[in-house]
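Here is the structure we will look at, set down as structure tokens.
Residue numbers (the numbering used here): 1196 to 2247.
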């Protein structure tokens, strides 16, 4: 009760306000009604709105009379199958919001009053039904106002032409649904039309109010780089003509004028804009027509283009798909005022349409034509496009009520017996409405989504002129899946200039391939190039990621093919062949050395170190395969770690060799040799070599741990080309090679230091030449590494070349001798000198003091050297104080630095227990300072004779080595050498002794470290000696002499 009284009071206040605001005649407040068991309301614009006011004007045939008759016809067909009678109550809205609210209040006031009456006993209703649902109104803004009022009473509302986007908001409008799509889809359809014709630069005119403003907002959301709104104008539907002209002039005055204008507005606004265009063109001949695209407010209305057909020619409009209802025309054309008493506005409409009157006042007789009733409605007839929507809206209500009736009353009860349907629950009815689904007679699918909107289906119309009217050009349709499509059915379309040529409406021409748009003013841009590795996203340049490159259209990044060194390329083939030949040559060298392992050529090279060098050379060649292989972690790891270690093995062994030679030579130059140099054995040399290699291994390990090798793309080729290489920083790659360079420099210095070795000791010279060439190659490699792009190929050639230098210079001559000149593969070819040294000195002490006498003899002995092409032998002759034969000679230049411990034999004397001896004179053959005694010259001639006899020996087994009769092993070498020298010098010494002064013979001692006698008997100096006597030693001892002592030899 309280709710009803409050509602009636509110409606009364609104009704009083509406009556004061709108002056209405009795005719305009009429109601068309068909009573029924269940009543629905309908709001149609029976009258037009007077422009500039809220008053009602003339009767509107299409929107008013035709819609009323269409609802009557639909209701007639629907009641034939419903289990109850459905009635309707129609009110006029005059296309005005205030009139609509006033009509709705009147409708609701009667319903509320009846509900109040029904609550008291004995109350009789005015009729048998109240308003259960409301159909309409057609205008979106008035539909919003009506829904605000209807949802207070929980009365469902169904729209037949209200397309406002706001009405989809169920939180605000909980009881609204419609059989037409939302303007969201209309904006989408317009946008698709613009894109279809490539009209990227457009202006928008929209009407003030919910319909135009929301439609423009939705269109603005859809604009992108393909369609741009250059300018927009909002105009009021009831604004004066000057306002429309001003809005259009704003568009004309743009710096770049768009040719296409979208009119998201109602029909009256569209008509006013076309009139404004006509007026401005008449004032300024330079102004051209525009290409108009109208919304469904324009649709196919003839009244919009009436009188301004030329300005509207070529326009496109959007119309909700509305098939022509043939049955309606049959019904409509049979109507006349006598048989249509249900429609209270029909008689006035007839008089207005045919400009006649049924009753003429006496004073106006003859002035006005009297209506006969036989006039035809076909004259000037154009069916309203919304009639199918009106019919479907009524059908939806009927389907929902029928389903509700069946659920609540069953099929066997009539309406009077079903009390549950006497009072309609609006909330429940709205749920039934949302669940209605059917396909109408025109194959339109009527269903509702969660927002209460029906699927979109629009007709694209092309106005071809006054004679052709509106022609169907295409359609836009939404599918149940949510997708949509735009199709143009008509191929020949008329545009604003009465041609079939599509006009251009752009600010700037599209940018070409690889050019981005740089905006200047609204919707205008400049075309600027992007970088070669960038794709174009209309206004921005996007750089492709690494290893990607733009496609031909510059729209997408595509992966680049990965390049790496192919083994079939000429450069790689050359490097591989070079490495293979080097490996085969090295293996051949190793096999040759192993087969001739005990020959002097192999032994002279220190076999163990030579094998280390050869293995390092193989590794240097083999690393080429890892460097030139497809870069992977394994190949990169090998190419990073193996080369430094392999080269360190080669150069560490060479450094150990040269260092050993230099130390031996340094010891041989000392006048007093206090002790033998240390670490000269083969084992020591190998250990030193591997220690140096181990240092390199530590350096490599630290570098790898700090920066792990990996395969990556070469930055020198990016981004246009992707080349897969093993990447590492320059310090990480080169740091291990500096240790090798240090070894090379040390080898080079030692090579320079030992450059004057005898010519038949060729190892040191070959090492020196190897170091000179290697140093040049390595300097070039370091320089090329910084500047070369293809570092892998440079590395492979450099490593193979360095290995080839060592292989060719160090080992090729030896292999050549072993294979092609075996006669040179003897020990004589690997001695340190070709000089004979005859040393003369004093003797003191005896054999028991041999070790002490050796040191003293070395410190007090001076020698005389005479160049002879044979072995060196030293003979010490002791002299007394009275008669001294002492001579010393300087070694030749080629002999200065060649007294190595392995090839020079030192003879020492066992000093007799006589008085200490001092040299009285020093003679030099080379400088000829003093006259040499004949006894000395005879001794020298004896040495020469010994050499000539040995060289011209006719014995079959006579060796080429002048000191060795047979080849001996190293461990018995000293004993044989002593015996050989002792035996071969016996005959020569006989001749020498026969010429020496007898006074000297008394003090002559020949000592032999192999002799077991500590001393010898002294014979008479005058005793004769048989030169052929085989007991040479006994003879010498008889004369007071001892045998020659030879020092132990050390092999290099």
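Yeah, the Cβ is synthetic: ideal placement off N, Cα and C, and Gly gets one too.
Every value quoted in this text rests on a predicted model; they were computed, and no experiment measured them.
Limits of the unbroken beta strand (DSSP E) element including residue i
| i | result |
| --- | --- |
| residue 1654 | 1652–1658 |
| residue 1945 | It is not in any beta strand (DSSP E) - residue 1945 instead sits in the alpha helix (DSSP H) that spans 1925–1948. |
| residue 1328 | 1326–1330 |
| residue 1594 | It is not in any beta strand (DSSP E) - residue 1594 instead sits in the alpha helix (DSSP H) that spans 1582–1604. |
| residue 1731 | 1729–1732 |
Nearest residue (CA-CA) to residue i, options the options
| i | options | result |
| --- | --- | --- |
| residue 1929 | 1899, 1948, 1441, 1906 | 1899 |
| residue 1811 | 1777, 1831, 1795 | 1777 |
| residue 1259 | 1233, 1351, 1252, 1241 | 1241 |
| residue 1466 | 1477, 1446, 1508, 1448 | 1508 |
| residue 1568 | 1582, 1579, 1552 | 1552 |
| residue 2282 | 1808, 1769, 1279, 1759 | Lying outside 1196 to 2247, the shown extent of the chain, residue 2282 is not represented and no answer is given. |
| residue 1700 | 1411, 1835, 1424, 1297 | 1424 |
| residue 1794 | 2019, 1661, 1597, 1584 | 2019 |
| residue 1581 | 1944, 1492, 1657, 1666 | 1492 |
| residue 1721 | 1570, 1729, 1702, 1590 | 1702 |
| residue 1422 | 1385, 1939, 1800 | 1385 |
Residue burial classification, residue i (beta-carbon count within 10 angstroms, cutoff 16)
| i | result |
| --- | --- |
| residue 1610 | buried |
| residue 1817 | buried |
| residue 1272 | exposed |
| residue 1409 | buried |
| residue 1606 | exposed |
| residue 1286 | buried |
| residue 1543 | buried |
| residue 1326 | buried |
| residue 1654 | buried |
| residue 1347 | exposed |
| residue 1370 | buried |
| residue 2011 | exposed |
| residue 1426 | buried |
| residue 1460 | buried |
| residue 1648 | buried |
| residue 1982 | exposed |
| residue 1987 | buried |
| residue 1963 | buried |
| residue 1894 | buried |
| residue 1396 | buried |
| residue 1739 | buried |
Segment limits, alpha helix (DSSP H) that includes residue i
| i | result |
| --- | --- |
| residue 1973 | 1958–1982 |
| residue 1815 | 1802–1823 |
| residue 1284 | No alpha helix (DSSP H) holds residue 1284; the beta strand (DSSP E) holding it covers 1281–1287. |
| residue 1881 | 1877–1901 |
| residue 1151 | In the structure displayed, the chain extends from 1196 to 2247; residue 1151 sits before or after that span and is not available. |
| residue 1387 | 1378–1391 |
Beta-carbon gap between residue i and residue j smaller than 8 Å
| i | j | result |
| --- | --- | --- |
| residue 1797 | residue 2001 | no |
| residue 1284 | residue 1237 | yes |
| residue 1388 | residue 1515 | no |
| residue 1943 | residue 1967 | yes |
| residue 1351 | residue 1625 | yes |
| residue 1996 | residue 1972 | yes |
| residue 1994 | residue 1819 | yes |
| residue 1641 | residue 1635 | yes |
| residue 1891 | residue 1926 | no |
| residue 1948 | residue 1821 | no |
_the region 1708–1721 in contact with the region 1501–1515 per 3-pair CB rule at 8 Å_ = no
*Between the region 1428–1439 and the region 1373–1381, are three or more C-beta pairs nearer than 8 Å?*
no
*Is there contact between the region 1443–1459 and the region 1762–1773, where contact requires at least three CB pairs shorter than 8 Å?*
no
*Decide if the region 1931–1945 is in contact with the region 1843–1860; the criterion is three or more beta carbon pairs, one per stretch, under 8 Å apart.*
yes
_Meets three-Cβ-pair contact criterion under 8 Å: the region 1390–1407 and the region 1348–1366_ = yes
*asked:* For the pair the region 1483–1499 and the region 1684–1692, tell me if three or more CB-CB distances fall below 8 Å.
replied: yes
*Inspect the CB distances between the region 1751–1764 and the region 1913–1922 and report whether three or more fall short of 8 Å.*
yes
_the region 1591–1605 touching the region 1273–1280, judged by at least three CB pairs closer than 8 Å_ = yes
*Examine the Cβ distances between the region 1916–1926 and the region 1826–1839 and report whether three or more of them are shorter than 8 Å.*
yes
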